[in-house]
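Colleague: Sharing a structure here in structure tokens format.
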Amino acid sequence: MEREMQRLSWTKVKQLVPDTINTVLLPIGTVEAHGAAALGTDNLIPEHLARTQAERLNALVAPTLNYGITRSLYQYPGSVTIRPEHFVPFVTDILTSLADHQFKHIIIFNGHGGNNAALKDAANDVHYRRGAYIAVIHWWQLVADLTKEFFGEAGGHAALDETACMQALDPALVDKAEYSEAMTYLINSGADVFPSPGSVLLYEKDQGYPNFDAEQAKAYLPKVAAAVGDFALSVLNQWKQIEG
């Protein structure tokens, strides 16, 4: 069965929603520098997670929102940003539209940390006004323990975890030859720096450097997808207690 909403006609959506399907997955990311990985990393990973988990969650997949709030990496060539005062109402309108068309459950698969606060605000607003049940999943945070267990160390931005996911999606999206440790910057909570001194951001000292191990990457991505799916399914099941 076709799960991608933009590939369906409006009549097919009408037949499916809400009687057969009442859940929609919305991938959201941004376009920004990611070390040796493609600029679209924050879009391609959540899009993949949504596509692989849609059948399990009995959901349709809405078209990806490819642009988000890029801050410290904006000066790197190719990076694009949307101002928060524009982004929040834009996302709010998307969520409102999905709710108006009878999707009771909306699950956002977020791929970009700069979006976190804005997505929370938009989700809360639409839940309050329209009664839609909305979950915002920040995949890399959700699987932080899994990442540490799998690799034996923490991930980061454009670091071990994201680079592995991109390598597993398509090796052509990661160019090891472009990488150098000079790209890395250890985040310090005592400073905000614009632009960031590096496009590979580490959150723990000496942890998270990309290893470009193709076999590890292939094994890691399915575990991430399963963990995200597990969480989304648990939320959907527990929402049933409220719905009656």
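Using this note's numbering, you'd call the opening residue of the sequence shown number 2 and step up by one each time. The beta carbon of each residue, even a glycine, is placed where N, CA and C say it ideally should be. Remember, it's a predicted structure, so these values are computed and weren't measured experimentally.
(1) Any chance the stretch 165-185 sits against the stretch 30-39, with 3 or more Cβ pairs inside 8 angstroms?
(2) Can you tell me whether DSSP reads N213 as helix, strand or coil?
(3) Based on Cα-Cα distance, which residue from G69, L202 and L170 lies nearest to I83?
(4) Sort out for me which residues DSSP pairs N111 with in a bridge.
(5) Are there three or more Cβ pairs, one per stretch, closer than 8 angstroms when the stretch 13-20 is compared with the stretch 73-89?
(6) With H, G and I counted as helix, E and B as strand and the rest as coil, what does DSSP make of T82?
(7) Mind the definition here: the stretch 46-56 touches the stretch 221-235 only if three or more C-beta pairs lie below 8 angstroms; say whether that holds.
(8) Answer with buried or exposed for A38, where buried requires no fewer than 16 other C-beta atoms within 10 angstroms of its C-beta.
(9) Please report the distance separating the alpha-carbon of K219 from that of H102.
(10) Measure the alpha-carbon distance for L235 versus R57 and round it to whole angstroms.
(11) Which residue or residues does DSSP assign as beta-bridge partners of G157?
(12) Assuming H113 and D43 are in contact, meaning their beta carbons sit under 8 angstroms apart, how far apart are those beta carbons, in whole angstroms?
(13) Ignoring anything shorter than 3 residues, give me the beta strand (DSSP E) runs that lie fully in the stretch 3-74, in order along the chain.
(14) What's the C-alpha gap between N59 and V25?
(15) Leaving aside the five residues before and after L27 along the sequence, list all residues of the same chain whose C-beta is less than 6 angstroms from its C-beta, in chain order.
(16) In chain order, what residues of the same chain lie with their CB nearer than 8 angstroms to the CB of K121, ignoring the 5 residues before and after it?
(17) Relative to the alpha-carbon of T168, which residue among S10, I243, P78 and N212 has its alpha-carbon at the smallest distance?
(18) Count the other CB atoms within 10 Å of the CB of V194; is the residue buried (16 or more) or exposed (fewer)?
(19) For Y180, does the three-state DSSP call read helix, strand or coil?
(20) Since Y204 and A165 should fall inside the 8 angstroms C-beta cutoff, what is the C-beta to C-beta distance between them, to a whole number of angstroms?
(21) Which residues in the same chain have their Cβ closer than 6 angstroms to the Cβ of G79, if we skip the five residues on either side of it in sequence?
Modeller: So, to answer that:
(1) Yes, since at least three Cβ pairs between the stretch 165-185 and the stretch 30-39 fall closer than 8 angstroms, the two stretches touch.
(2) A quick correction: the sequence has Phe, not Asn, at residue 213. For F213, the three-state secondary structure derived from DSSP is coil.
(3) G69
(4) I29 and H139
(5) no
(6) coil
(7) yes
(8) buried
(9) 37 angstroms
(10) Per the sequence shown, residue 235 should be read as Ser rather than Leu. Distance between the alpha carbons of S235 and R57 is about 12 angstroms.
(11) L203
(12) In this structure, H113 and D43 form a Cβ contact; the two beta carbons are roughly 4 angstroms apart against a cut-off of 8 angstroms.
(13) 24-29 and 60-62
(14) Between N59 and V25, the C-alpha separation is close to 9 angstroms.
(15) Hits under 6 angstroms: A63 and I109.
(16) V137
(17) Reading off the sequence shown, one finds Gln at residue 168, where the question assumed Thr. The option with the nearest alpha carbon to Q168 is N212.
(18) exposed
(19) coil
(20) Incorrect: roughly 16 angstroms between the Cβ atoms, too far for contact.
(21) Contacts found: L40.
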